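Below is one structure, written out as structure tokens, with a few remarks after it.
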Amino acid sequence: MLEIKNYNSSILHEISFLLKENENLIILGENGAGKSTLLQVLAHELLPQHGSIALNGIDWQTLQTVPKLIGYLGQQIDIFDQTLATNLRLGKADATDEELWQVLDIVGLKAWAQAQPKQLDTPLGEYGQAISGGQARRIALTRLLLIPKKVLLLDEPFAGLDKDS
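Position 38 (the sequence shown) corresponds to 37 in numbering that gives the first Met the number 0; numbering is contiguous.
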């Protein structure tokens, strides 16, 4: 159970919610409203300015296990001048090819990868030049999904995706 009480930042004021296991929460707002800042606080990338955050009643900032519990996909993603498999294994170094194919299927990239002449050995180019922005986001999501997490924080998860995707 994730509970935020009276969270305040320079942008957000008086945010409170309780999120139970297997519940989804979508945070909507205009550009600059503080959605990314809130996610960065939850991902332990920023410290909260005011208020409290607790997971199962334990103060968020004292939890040493947060990185093991949380998967965070920020707005900025990194694709390296390596193969598809190498980029994916940044999420789980010992992932088998079978695991990669399974997660590629989940994010809707399996058919695309299978259609590539080199499949998992397809080079993605410097900064992912050989792929679209939507494919890059899904590759980053695939990395994240290779090791299951209790909480997934996805900042702009549909950015760069076409309507069908």
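Ideal Cβ positions, reconstructed from N, Cα and C, are used throughout, including at glycine. Note that the structure is predicted; figures quoted are calculated from it, not measured.
By the neighbour-count criterion, in which 16 or more other beta carbons inside 10 Å mark a residue as buried, threonine 141 falls on the buried side.
In the three-state DSSP reduction, leucine 17 falls in the strand class (E or B).
Counting only residues of its own chain and dropping the five nearest sequence neighbours on each side, aspartate 93 has no CB closer than 7 Å to any other CB. Taking C-beta separations shorter than 6 Å and ignoring five residues to either side along the sequence, the partners of leucine 152 in its chain run Leu38, Leu41, Ala42, Tyr71, following chain order. Under DSSP, the beta-bridge partners assigned to glycine 70 are Leu151. Your pair aspartate 154 and glycine 50 does not check out as a contact, with CB atoms roughly 20 Å apart and the cut at 8 Å. In the DSSP assignment, glycine 133 falls within the unbroken alpha helix (DSSP H) covering 132 to 144.
Nearest Cα to tryptophan 100 within the set Pro122, Ala112, Gly90, Ile76: Ala112. Rounded to whole angstroms, the gap between the alpha carbons of glycine 127 and isoleucine 138 is 10 Å.
Ile14 is the residue among Lys67, Ile14, Lys19 whose C-alpha sits nearest the C-alpha of alanine 32. Counting along the chain, glutamine 39 sits inside the alpha helix (DSSP H) bounded by residues 34 to 41. Taking 8 Å as the cut-off, the beta carbon of glycine 90 is found no closer than this to the beta carbon of isoleucine 130. Here leucine 83 is near leucine 119, since their CB atoms are less than 8 Å apart. For the 8 Å CB-CB criterion, glycine 107 and glycine 132 do not form a contact. In this structure, DSSP gives aspartate 58 an extended state, which the three-state scheme calls strand.
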